[in-house]
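Asks:
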Amino acid sequence: MFKKILIANRGEIALRIIRACREMGIQTVAVHSTADASAMAVRMADESVCIGPAPAKDSYLNIPSILTAAAVTGAEAIHPGYGFLSENAQFARMVEEHGFVFIGPKPEHIETMGDKVAAKKTVKELGLPVVPGSDGAIESVEEGLKFARETGFPVLIKAASGGGGKGMKIVRKEEEFAEAFSTARSEAKANFGDDTVYMEKFLTRPRHIEIQIFGDTHGNAIHLGERDCSIQRRHQKLVEEAPSPVLTDAERDKIGSLAADVVRRMGYRGAGTIEFLYEDGEFYFMEMNTRIQVEHPVTEMITGIDLIAEQILVAAGEPLSVNKDKIRLRGHAIEVRINAEDPETFMPSPGKITQFHAPGGLGVRFDSAIYGGYSIPPYYDSMVGKLIVHGRNREECLRRLRRAIVETVVEGVKTTLPLQYWITEQQAFLNGDYDIHWLEKQLAERKTSSAS
Ligand code: MV4
Numbered sequence: 046m047f048k049k050i051l052i053a054n055r056g057e058i059a060l061r062i063i064r065a066c067r068e069m070g071i072q073t074v075a076v077h078s079t080a081d082a083s084a085m086a087v088r089m090a091d092e093s094v095c096i097g098p099a100p101a102k103d104s105y106l107n108i109p110s111i112l113t114a115a116a117v118t119g120a121e122a123i124h125p126g127y128g129f130l131s132e133n134a135q136f137a138r139m140v141e142e143h144g145f146v147f148i149g150p151k152p153e154h155i156e157t158m159g160d161k162v163a164a165k166k167t168v169k170e171l172g173l174p175v176v177p178g179s180d181g182a183i184e185s186v187e188e189g190l191k192f193a194r195e196t197g198f199p200v201l202i203k204a205a206s207g208g209g210g211k212g213m214k215i216v217r218k219e220e221e222f223a224e225a226f227s228t229a230r231s232e233a234k235a236n237f238g239d240d241t242v243y244m245e246k247f248l249t250r251p252r253h254i255e256i257q258i259f260g261d262t263h264g265n266a267i268h269l270g271e272r273d274c275s276i277q278r279r280h281q282k283l284v285e286e287a288p289s290p291v292l293t294d295a296e297r298d299k300i301g302s303l304a305a306d307v308v309r310r311m312g313y314r315g316a317g318t319i320e321f322l323y324e325d326g327e328f329y330f331m332e333m334n335t336r337i338q339v340e341h342p343v344t345e346m347i348t349g350i351d352l353i354a355e356q357i358l359v360a361a362g363e364p365l366s367v368n369k370d371k372i373r374l375r376g377h378a379i380e381v382r383i384n385a386e387d388p389e390t391f392m393p394s395p396g397k398i399t400q401f402h403a404p405g406g407l408g409v410r411f412d413s414a415i416y417g418g419y420s421i422p423p424y425y426d427s428m429v430g431k432l433i434v435h436g437r438n439r440e441e442c443l444r445r446l447r448r449a450i451v452e453t454v455v456e457g458v459k460t461t462l463p464l465q466y467w468i469t470e471q472q473a474f475l476n477g478d479y480d481i482h483w484l485e486k487q488l489a490e491r492k493t494s495s496a497s
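This note's numbering numbers the first residue of the sequence shown as 46 and each following residue consecutively.
1) Output the distance between the C-alpha atoms of Ser494 and Lys486, rounded to the nearest integer angstrom.
2) Might you give, ordered along the chain, the residues of its own chain that have their beta carbon closer than 8 Å to the beta carbon of Ile63, omitting 5 neighbours on each side?
3) Count the other CB atoms within 10 Å of the CB of Val451; is the residue buried (16 or more) or exposed (fewer)?
4) Below 8 Å, is the gap between the Cβ of Pro251 and the nearest heavy atom of the ligand MV4?
5) For Gln465, which of Ala414, Glu380, Tyr425, Arg439 has the nearest alpha-carbon?
6) Return yes when at least one heavy atom of the ligand MV4 lies under 8 Å from the C-beta of Val339, else no.
7) Here's a check: name, in chain order, each residue in its chain whose Cβ is nearer than 8 Å to the Cβ of Pro177, leaving out the five neighbours to either side.
8) For Asn236, does the three-state DSSP call read helix, strand or coil?
9) For the ligand MV4, any of its heavy atoms closer than 8 Å to the Cβ of Tyr329?
10) Report the CB separation of Val359 from Leu365 in whole angstroms; it is logged as a contact under 8 Å.
11) When you compare the region 228-238 with the region 303-311, are there three or more beta-carbon pairs, one atom per stretch, that lie closer than 8 Å?
12) Taking only heavy atoms of the ligand MV4 into account, decide whether any of them is closer than 8 Å to the Cβ of Gly178.
13) Classify Arg230: buried if its beta carbon has 16 or more other beta carbons within 10 angstroms, exposed otherwise.
14) Using the rule of at least 16 other Cβ atoms within 10 Å of the residue's Cβ for burial, across every protein chain shown, is Val117 buried or exposed?
15) What alpha helix (DSSP H) runs, 4 residues minimum, are completely inside the region 54-99?
16) Give a yes or no on whether the C-beta atoms belonging to Met311 and Glu320 are separated by under 9 Å.
17) Please go through the same chain and pick out, in chain order, the residues whose beta-carbon is closer than 6 Å to the beta-carbon of Gly260, but skip the five residues on each side of it.
18) Can you tell me which of the three DSSP states Tyr243 falls into?
19) For Arg447, which residues in the same chain have their Cβ closer than 7 Å to its Cβ, ignoring the five residues on either side in sequence?
20) For Ile379, write down the residues that DSSP places opposite it in a beta bridge.
21) Who are Arg272's beta bridge partners in DSSP?
22) Between Ser206 and the ligand MV4, is the CB less than 8 Å from at least one heavy atom?
23) Is DSSP giving His482 helix, strand or coil here?
24) Rounded to whole angstroms, how far is the Cβ of Ala122 from the Cβ of Phe136, which I believe are closer than 8 Å?
25) Could you check where the alpha helix (DSSP H) with Ala360 kicks off and where it finishes?
26) Exposed or buried, which one is Leu407 when buried takes at least 16 other CB atoms within 10 Å?
27) Closer than 8 Å by C-beta to Asp160: which residues in its own chain qualify, once you throw out the five before and the five after it? Chain order, please.
28) Looking at the unbroken beta strand (DSSP E) that takes in Gly315, where does it start and where does it end?
29) State the start and end residues of the unbroken alpha helix (DSSP H) segment that holds Tyr466.
30) Can you tell me whether Ile215 is buried or exposed? The criterion is at least 16 other CB atoms within 10 Å of its CB, across all chains shown.
31) Let me make sure I understand the geometry here. Which of Lys459, Gly270, Ala449 has the alpha-carbon closest to that of Gly436?
32) Are the beta-carbon atoms belonging to His124 and Cys95 less than 9 Å from one another?
33) Alpha carbon to alpha carbon, how far is Ser131 from Asp156? Give it in angstroms, no decimals.
34) Provide the residue span of the alpha helix (DSSP H) that contains Gln135, from first to last.
Below you can see the structure in the form of structure tokens.
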């Protein structure tokens, strides 16, 4: 096992990784920007190294600085967390070339899944259901129209180098196609430096359901059930839960086994998430994330498995500590992301936290790196913590969630918690009756009714 790991990240995930390392008897190195000198991860790690100025491109994305920090501290492995360099194949390659272990998948797998056309082709060949689509690049308006007529409108034009919702265009009728196609291409070129686009049938009211998978270097591959992440705004998730309120055990077993088969046949190593759209009882592959995700705790709560510890074990060449027969999904878990934002305008709200009290009690977990007196810097993502609750069933989990939100005190900055409390009181949410557009529709309605 590694003696020392460097964490190439910040905030709550840096702390989360330090916690796993400490339980495993592994020393930690926190790297930080000048703006994060007083971060909790810096205090909690065994050692810390300043890697550059506040802007992420000069610090958390500064590969030479990070590799140098690993070399001078004698770290053996680098954990990238999520965001930043976590899905940068070039970084993963450089880490290995410099003699460190990258705690994540092989660079080839990061690369394939980063190319949306290649990802879809790969998983389709390995047996996953995909959205009916163009099977590769669409080169002309004529070719695109032919696909759209065959499939039926509405259709979606997607950028091959996009992802996370960037570079998509919905086309609802034939007359709009030519213009939408040329806009999609020029936007793809401008945003990703690649004007390759492909097309899919547009699913109008799907849910976002993702499967947590894991592979090791001994040929083992497992799935750990799903997370329903349909409560989102502008591709930012606000609430995630497991299990999904709409899946049956048979549906879960079926899509989960298919996902695990893909992992096994790819020879994929480490944690990953296969994202699907789910509509009318059918799954459609969307993307595969080759990192640990923000919402991984909901899976940890229902499985009891420390996913960060498993990532480290697998990276060290050990087998997964669990096999398929030992995995039991117990109860229900919900996570709400606490963003330092105005809950109505979603404007970032950085600044000093004047009062802070973390919620506690049975089934309550608070993953955050904030503390009373801490100043949230304005340079990074506004997510400052996650409240995760577990209950024996969804009803108990929801009651506990409302109780824990009420207990949480974060003063001095605005947070999204009031909005999340409001969500937990909505009948559609209580019924589990929501799709990826539900929250945005509710927010639009709230606006109209408060204006009148
Ligand atoms: C779709 C779709 C409907 N039909 N593809 C958004 C993120 C990107 N990775 C794929 N996305 C979508 N792809 C087809 N064929 C709807 C979305 C989508 C979405 C998906 C998941 C979560 C939130 C979303 C919000 C808007 C659109």
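Here a beta-carbon is modelled for each residue, glycine too, at the ideal position from N, C-alpha and C.
Replies: Reading off the structure:
1) 12 Å
2) Ile52, Thr73, Ala75, Ala86, Met89, Ala90
3) exposed
4) yes
5) Glu380
6) no
7) Thr196, Glu245, Lys246
8) helix
9) yes
10) 6 Å
11) no
12) yes
13) buried
14) exposed
15) 56-69, 85-89
16) no
17) Ala266, Val308, Tyr313, Arg314
18) strand
19) Tyr466, Thr469
20) Glu286, Val434
21) Glu255
22) no
23) coil
24) That pair is no contact at about 14 Å.
25) 352-360
26) exposed
27) Ala205, Ser206
28) 315-324
29) 462-468
30) exposed
31) Ala449
32) no
33) Looking at the sequence provided, one finds Glu at residue 156 rather than Asp. Going by the C-alpha atoms only, they are around 12 Å apart.
34) 134-142
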